[in-house]
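Quick notes on the structure that follows.
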Amino acid sequence: MFDADRPILKSEHDKLNRTLFSKYLARCILDHKEPESLVIGLTGGWGVGKTSVINLTLEELHFAASNMLEEEKPIILNFSPWSYSTQNQLIYSFFRRLSSALRDSTNLKNAEQIIHLLELYVSFFTHLPIPKALRKKPSFWKKLFHHNHEDVYGWESGRDLTQIKAELNILLRQQNIKIIIIIDNISRMLDIEIKQIFQIIKSMGDYANTVYLLAFDKEQVIHAVNRVDGRGGENYIEKLVQLPFEVPPIMQQDLENILFDRLKTIIQTVPENSWDREYWANIYYSSLKFFFKNCRDITRYVNTLSFRYPRVKDVVNPVDYFALTAIEVFCPAIYSGIRDNKDLFTALVENVYTLNPEKSSKDKLRYNEILQRSEGMSREKLHDLLLNLFPRLHRVFYPDTPLYHTEATARKNRRICSPDIFDVYFRLSMTTGFIPESEFKTILSLAGDKEGFSQALTRLNQDNRILKFLDLLDSTAANEISPKDIRTVVCALLDNGDLFPEGESSPLSLNTPMRIHRIIHRLLKRLDETEERFRVLKQAIQESTKSVHSLVHELTTQEQEHTEHSDSYVPVEFRDLTPPQLQTLQQLALERIQFWANAGRLVEHPKLLTILYIWKTWGDNEEYKHQVEEIVKTDRGLIAFLLATLKDPIDQAMTKYEKTPEWKKSLKYIEDFIPTLALQAHAKALFEDMYFEKLHEREQLALMIFLDLIQAQTTKVIPKTTV
1 MFDADRPILK SEHDKLNRTL FSKYLARCIL DHKEPESLVI GLTGGWGVGK
51 TSVINLTLEE LHFAASNMLE EEKPIILNFS PWSYSTQNQL IYSFFRRLSS
101 ALRDSTNLKN AEQIIHLLEL YVSFFTHLPI PKALRKKPSF WKKLFHHNHE
151 DVYGWESGRD LTQIKAELNI LLRQQNIKII IIIDNISRML DIEIKQIFQI
201 IKSMGDYANT VYLLAFDKEQ VIHAVNRVDG RGGENYIEKL VQLPFEVPPI
251 MQQDLENILF DRLKTIIQTV PENSWDREYW ANIYYSSLKF FFKNCRDITR
301 YVNTLSFRYP RVKDVVNPVD YFALTAIEVF CPAIYSGIRD NKDLFTALVE
351 NVYTLNPEKS SKDKLRYNEI LQRSEGMSRE KLHDLLLNLF PRLHRVFYPD
401 TPLYHTEATA RKNRRICSPD IFDVYFRLSM TTGFIPESEF KTILSLAGDK
451 EGFSQALTRL NQDNRILKFL DLLDSTAANE ISPKDIRTVV CALLDNGDLF
501 PEGESSPLSL NTPMRIHRII HRLLKRLDET EERFRVLKQA IQESTKSVHS
551 LVHELTTQEQ EHTEHSDSYV PVEFRDLTPP QLQTLQQLAL ERIQFWANAG
601 RLVEHPKLLT ILYIWKTWGD NEEYKHQVEE IVKTDRGLIA FLLATLKDPI
651 DQAMTKYEKT PEWKKSLKYI EDFIPTLALQ AHAKALFEDM YFEKLHEREQ
701 LALMIFLDLI QAQTTKVIPK TTV
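For the sequence shown, the working numbering begins at 1 and goes up steadily by one.
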């Protein structure tokens, strides 16, 4: 059940003990005997309950009026200025509502004259005629001698503004009833509208026997008046409000009672034996309680929790989820930082990277950047909460302090600190791929640290934000990298490039390899000497262990600058490299390809065919052929080779379900490296073996399409499709 964040209307709903004060305020208003107007101010910050106090005061006013004589019952106007804008509309609407309230009263003496004078008075400010229905009916003699003339505007009455107001006040002083005007939410209006409301009260509407009850945030109103007048806002308010009452912030204990009461319904849905009271007490009393400053905070939190928790209650730890939801509601930037840095908050990579002092220092830098995103929340309390939720942070900040924690227990209790459970907590989170500027700058600050910058790219790739990072880097941000750090950045990009999503290539966008090339090209251009650029690329190629296609793609793109008939051709003096340097780097890249092939890694590469063609173009004719022969000797190698060379027919078979004459052309990709006849027996054996049924669909299609295209005779029937 969701709460619309509405203030209470009746004293029976009061849980903050505001009823007694509201009754006192209502009695003060009714007991005010002086005829001069009185302005009462209810001030307080956002969410302290000013509107609820007004509603309780109204409840008491109406109750008191029900026990009063008919001729003493007050006229109450509850005016909401939110619905109106522009100065004339605000003024006109206020007096229209006041006139309506006076007309509705049956106890107002000389009501017709009072309303007529009020309408004349208003016309001086609005320059609008008195509504025809409210014009005073002329006497017999006025009809006889003045014919059709009516006092439609105040100045047509023959009296000035001061005279009309004086006459109006004389009549109002004669009344036994009070006019009570309530104006709420003043501080939410525009600056100029706030000033206009106070002008109405101060100069236009300060009538006898009138009491104003205003609710506003004093600090906001002072700033609004200062912005309009330049200064003097505080003095202005103090002169206007004769009886100020500050609605105090809600006491922590009262807030806690309300929060616990609102959480009861959700707690009842927690799976049996899942709620750890001691763990909740540690979380709540050390940090979580300080997130809630008013009732609106509670409403926002409980609404979010009520919507999300039932959908994940069986797979998360309830205390952790309650705490994480508070972070999401009140510190969304921190929430995003946690979501996007799984390895920092969990033991995700503990078996890969040792948490030594150097690693801890880097983790502290990342963590502090995230913590600094907090706005309006104590970083100390937030840090305490995160330490409770994520025990790994203890190892980072307090490595010498013993702390009992096991991954097995965390997984069993479905804790957020478990790498296996972590992602579940963000199942309902909308991942935007957004990288805050502070985080981006923190990553750039690691450019001088080869391992640190490479790990940062790995994390961004895991969080599906690497393309956004490349987008930011492929701008003026690349110019922020120090020349001494260019070598590190180029090495990291080329070493990790194969792991990044391919991206889309279209007339309006670039795929990831081209985006990386643009960044590298821009960085290399900042190095004046071609020899220095050569050394940077040479080191990147020699030290690369995780990528090979990124290396050859960079060099083939560089090669286009050297090819006269290419659209990218540029004169020698404008190239990144000289021809001999490019040839040397190509040979180094071939060595990396050979290394991958010998290690059995090349056959698994999704860009196998592209890499083989590069090998064929740059390398020795016999060497690449021999390597292909070695690849296809194994079952895995043959299937991988066919998947690469027959990619287009396989894609069409899985989507269009029919064979086309174009498929035959794909055999050329095979014959460029090895005769199809050399593969026939091996492919046929795989197809006819019982193992065939265990292959994935694309692998089965690769074998069947190949055998069908070469018209091989098989004991099993190859399913046919139309041509």
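Even glycine gets a Cβ: it sits at the ideal position worked out from N, Cα and C.
Not a single unbroken stretch of the beta strand (DSSP E) spanning 3 or more residues falls wholly within the segment 2-38. Annotated as proximal: alanine 683 and leucine 703, with beta-carbon spacing under 7 Å.
Counting along the chain, alanine 410 sits inside the alpha helix (DSSP H) bounded by residues 407-412. Taking each of Thr578, Leu555, Glu60, Leu385 in turn and checking the Cα distance to arginine 518, the smallest one comes out for Leu555.
For threonine 584, the uninterrupted alpha helix (DSSP H) segment begins and ends at 579-598. Secondary structure note for glutamate 328: its alpha helix (DSSP H) is the uninterrupted segment 318-330. Restricted to the segment 55-115, the alpha helix (DSSP H) segments that are unbroken, complete and at least 4 residues in length are 87-104, listed in chain order.
Glutamate 12 and glutamate 407 have their C-alpha atoms roughly 49 Å apart. By the Cβ criterion, the segment 476-483 is in contact with the segment 511-528, since at least three pairs of Cβ atoms, one from each stretch, lie closer than 8 Å.
Scanning Ile631, Pro249, Glu658 for the CA closest to the CA of alanine 678 turns up Ile631. Counting along the chain, the unbroken beta strand (DSSP E) around proline 244 starts and ends at 243-246.
For threonine 556, the enclosing alpha helix (DSSP H) begins and ends at 549-560. By the beta-carbon neighbour count (other beta carbons within 10 angstroms, threshold 16), proline 248 is exposed. For the set Phe322, Thr210, Asn185, Ile192, the Cα lying nearest the Cα of isoleucine 179 is the one of Thr210. Counting along the chain, leucine 612 sits inside the alpha helix (DSSP H) bounded by residues 608-618. Out of Asp528, Asn368, Arg515, the CA that lies nearest to the CA of serine 506 is found in Arg515.
Annotated three-state conformation of threonine 210 is strand, per DSSP.
By the criterion of a C-beta distance shorter than 6 Å, aspartate 708 is surrounded in its chain by Ile718, once the five residues flanking it on both sides are discounted. Residues of the same chain with a CB within less than 8 Å of the CB of glutamine 253, apart from the 5 flanking positions on each side, do not exist.
Taking every protein chain shown into account, the CB of serine 66 has fewer than 16 other CB atoms within 10 angstroms, so this residue is exposed. The C-beta distance from leucine 168 to tyrosine 92 rounds to 17 Å, too long to fall under 8 Å, and the pair is not in contact.
Phenylalanine 345 sits in a helix when the DSSP states are folded into three classes.
Distance from the CA of leucine 243 to the CA of alanine 224, rounded to the nearest whole angstrom, comes to 21 Å. Residue range 179-183 is occupied by the beta strand (DSSP E) that includes isoleucine 179. For the options Ile201, Ala685, Asp191, the alpha carbon positioned closest to that of glutamine 220 is the one of Asp191. Closest option to glutamine 113, judged by alpha-carbon separation, among Leu171, Thr126, Glu70, Glu72: Leu171. Looking at the DSSP output, phenylalanine 216 shares a beta bridge with Thr43.
Counting only unbroken stretches of 4 or more residues, the alpha helix (DSSP H) elements lying wholly within the segment 683-712 are 697-709, in sequence order.
Going by C-alpha positions, glutamine 542 is about 16 Å away from alanine 597.
The beta carbons of tyrosine 212 and isoleucine 197 sit no closer together than 7 Å.
DSSP places aspartate 420 inside the alpha helix (DSSP H), whose first and last residues are 419-422.
Judged by their CB atoms, histidine 553 and proline 513 are nearer to each other than the 7 Å cut-off. Annotated as distal: aspartate 184 and isoleucine 76, with beta-carbon spacing of 7 Å or more.
According to the DSSP assignment, lysine 659 belongs to no alpha helix (DSSP H), since it is labelled neither H nor E. Each residue's CA atom was taken as its position, placing serine 22 and leucine 305 some 33 Å apart. In the three-state scheme derived from DSSP, where H, G and I count as helix and E and B as strand, serine 506 is classed as strand.
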